[in-house]
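So the number in the numbering used here is just where the residue sits in the sequence shown, counting from 1, plus 1.
See structure below.
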Amino acid sequence: MTKRSLWLLPLAAALILTGCSGSDNADPVTAESSPAPSQKQDQTSGASLSADQVKDVVTKLVGEDSTAQILDNEVMKPQLENAKAMEGSNGIKPEKCAKQQEEYTVTDLTGTVAASATVQGDSTGKVIQIFSITDAQTRKNISEALKLSDIEGCESISVSVSGQEVNTDRQILDLDSTADQALTMATQMKVGADEYLNSVAVQALEGNNFVLVTFSSGTVEAPLLAGEAMKLADQAFAEIKSLQ
């Protein structure tokens with residue numbers, strides 16, 4: 002398996018939300034009751050967007066990059082339906098880490114209006130996904146998944162990718178976000194004898210809008226990727242706010 006093929010993995014993996022808390026400023030959502038919208042949500046990017054608006058946000062984020070591949074809600078819908086049936090812990094070892102993954106994973110994002118962009122550069126690939134949530138249960142599931150406080154004992158795992166076992170090291174990065182809830186996870190996959198793929202995923206939730214930005218590179222270190230990914234996620238919420 003080549004680095005270039007692995008760069009495409011975040012697009013599929015992004016359809017499975019894996020929670021680990023990087024920043025959590027929102028009141029928790031419980032099964033018993035849902036909190037009233039906060040003043041912050043009212044004033045920022047809390048309201049849901051239409052399919053056209055979600056696509057507009059993604060398009061603005063990639064700018065004039067001719068390599069960008071943009072998928073609108075019509076194309077995303079069948080992908081989300083397929084992801085709904087996936088197991089969040091599929092192919093993960095050791096078993097205790099698979100159980101943790103299963104507990105803090107959301108595979109059903111069909112209750113959203115979505116758009117995605119994939120940009121593949123020479124050394125860095127990025128995936129930008131915007132999900133505007135259309136039902137309360139989906140929002141609750143995402144919010145709950147963002148509450149995992151650490152991955153102690155599961156920093157190093159193996160993942161089955163296309164029938165091949167890939168050794169993976171993971172780390173939660175503490176980065177500030179403009180969103181109500183956010184997480185940043187850095188991952189390093191061993192893809193050859195002395196070759197590694199660095200990947201950083203920023204997941205952020207504010208109101209009814211969920212943003213997922215993933216950067217991957219074989220040469221750029223995780224801290225640099227993380228800063229750029231968070232900057233793009235914050236920019237996404239600024240664009241969302243401008244449409245409301």
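Ideal Cβ placement from N, Cα and C applies to all residues, glycine included.
Original post:
Whose C-beta lies closer than 8 Å to the C-beta of S58 among residues of the same chain, with five residues either side of it excluded?
Top reply: As a first step, residue 58 is located in the sequence shown; it is residue number 57 there, counting from the start. Note on identity: in this sequence residue 58 is Val, with Ser being the wrong assignment. Cβ within range, chain order: L50, A116, I131, A237, E240, I241, L244.
Legend entry - Which of helix, strand or coil DSSP assigns to A37: Here residue 37 refers to the residue found at position 36 when the sequence shown is read from its first residue. Caution is warranted here: a pLDDT of 33 is assigned to A37, below 50, making its placement in the model unreliable, and the coordinate value is therefore given only provisionally. Correct three-state label for A37: coil.
Q | Integer-rounded CB distance, given that S178 should sit under 8 Å from R200 | A | Working through the sequence shown from its first residue, we reach residue 200 at position 199. Working through the sequence shown from its first residue, we reach residue 178 at position 177. Residue identity differs from the one stated: residue 200 is Ser in this sequence, not Arg. Not confirmed; about 18 Å, so no contact.
Output the residue ranges of the beta strand (DSSP E) runs that lie fully inside the stretch 53-85 and measure 3 residues or longer, sorted by chain position.
70-72
* To do: Excluding the 5 residues preceding and the 5 following N246 in the sequence, name in chain order all residues of the same chain whose CB lies nearer than 6 Å to its CB.
  => Lying outside 2 to 245, the shown extent of the chain, residue 246 is not represented and no answer is given.
### Task
Taking M1 as part of the beta strand (DSSP E), name the residues at either end of that continuous run.
No answer is possible for residue 1: the residues shown for the chain start at 2 and end at 245.
Under 8 Å, do S157 and V167 count as touching if we go by C-beta distance? Start at 1 with the first residue of the sequence shown, and residue 157 comes out as number 156. Start at 1 with the first residue of the sequence shown, and residue 167 comes out as number 166. Not closer than 8 Å, so no.
Bridge partners for K191 per DSSP, in chain order? Taking the sequence shown and counting its residues from 1, the one referred to as residue 191 is at position 190. Y197.
- Message: Residues in the same chain with beta-carbon distance under 6 Å from K56, minus the five sequence neighbours each way, listed in chain order, please.
- Response: Numbered from its first residue, the sequence shown carries residue 56 at position 55. Taken in chain order, the residues that qualify are D73, A116.
Are the beta-carbon atoms of L147 and L206 separated by less than 8 Å?
Numbered from 1 along the sequence shown, position 146 holds the residue referred to as residue 147. Numbered from 1 along the sequence shown, position 205 holds the residue referred to as residue 206. The answer is yes: Cβ separation under 8 Å.
Host beta strand (DSSP E) of I251 (start-end)
It is not possible to answer for residue 251, since the shown part of the chain is limited to 2 through 245.
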